[in-house]
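Working notes, structure below.
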Amino acid sequence: MRVASRLVAAGFACVTLAAASFTALPPAQGQDGETRTAKADIDGDGEPDDVVLKEASANNQTLTFRLASGGSAEMTFEGDTSMPLQPPRPVDLNGDKQDEIVVAESVGANTLTLNVWAYDVTGTKIFPVTTTNGGRLRLFEGGGIAAVTGYGCLPLNPGSSGRDLIGVKALIDDPASDTATYTGTRTTYHVTPDGKARTVNRVNVTSVPRDDPALTTDPAACIPAQGQS
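Reading the sequence shown from the start, the letters are residues -30 to -1, 1 to 199 in mature numbering (1 follows the signal peptide of the UniProt record, and there is no 0).
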């Protein structure tokens, strides 16, 4: 598709095409890097757990979950640490009351590339949320003048606690134009309990202003219910 080709060329890898396999890296030893923390119910027991994200090396990050009930899990993975480390973001992408964690994989001039991580209660391990083809789910935020990217959540049904994830990616049609319009996609995903982001709907968005509802997302709508005021 023409739009998808333009998005990939501009550095926005479409999540449904991100088929690279994920390989966990061994934890780095003896590294003193930046650390960011958050509270999230990552095992769904109703108690807040500690989430710690740390620079493991120049190109790696380590994510640690420390459970309120005892025990912990840790995962080291590739991630850009050249910029100030972004705090981990607790989210509940499907409304099941077991939180996921959004982590910045890379920080560009105007755009964050984000991954999502979850906790396997039965296997007591951290794993990446992936697309149905096995590639790591990537979300984007920002874009500057040249692009509009973002993510948010919407209820499955009015009054429902269930949620779907929304991802938007669009590029400016003509940078020289006095009236900027953007063309791209708005994709709806349902994240299953086993961490698969299944595409529910994808809408092509053509030549609309950046404040068009089709390009509007609200990441705060993905905050866990217990974290909303």
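All residues carry an ideal CB built from backbone N, CA and C; glycine is no exception.
Could you name the residues that DSSP lists as bridge partners for Asp144?
Partner(s): none; Asp144 has no beta bridge.
Are there 16 or more other CB atoms within 10 angstroms of the CB of Asn85, so buried, or fewer, so exposed?
buried
Let me know the alpha helix (DSSP H) ranges lying completely inside the stretch 58 to 132, each 4 residues or longer, listed in chain order.
Runs of the alpha helix (DSSP H) inside the stretch 58 to 132: none found.
From the DSSP output, which residues share a beta bridge with Ser42?
Arg36
Alpha carbon to alpha carbon, how far is Pro58 from Gly40?
A direct Cα-to-Cα measurement between Pro58 and Gly40 gives close to 21 Å.
Neighbourhood of Asp19 by C-beta, 8 Å cutoff - its chain only, sequence neighbours within 5 removed:
Lys9, Ala10, Asp11, Ile12, Asp13, Phe35, Arg36, Leu37 and Ala38
Going by other Cβ atoms of all chains shown within 10 Å of its Cβ, with 16 needed for buried, is Ala79 buried or exposed?
exposed
Cutoff 6 Å; reference Glu70; Cβ partners in own chain excluding five residues on either side
Val61, Leu63, Val86 and Ala88
Tell me, please, which residues DSSP counts as bridged to Asp134.
Leu124
Candidates Val170, Arg106 and Asp143: closest to Val72 by CA position:
Arg106
Can you give the Cα-Cα distance for Glu44 and Thr149, rounded to whole angstroms?
48 Å
Local conformation of Ala184 per DSSP, three classes
Secondary structure at Ala184: helix, using DSSP grouped into helix, strand and coil.
Quick check: Tyr152 and Leu109, are their CB atoms within less than 8 Å of each other?
no
Taking its Cβ as the centre, do 16 or more other Cβ atoms sit within 10 Å of Asn103, making it buried, or is it exposed?
exposed
Using a Cβ-Cβ cut-off of 6 Å (strictly less than) and excluding sequence neighbours within five positions of Gln56, which residues of its own chain qualify?
Ala74
Start and end of the beta strand (DSSP E) containing Ala10?
Judged by DSSP secondary structure, Ala10 falls within the beta strand (DSSP E) whose first and last residues are Thr5 to Ala10.
Taking only three categories from DSSP, how would you classify Gln196?
helix
Can you give me the start and stop residues for the beta strand (DSSP E) that Leu23 sits inside?
Asp19 to Glu25
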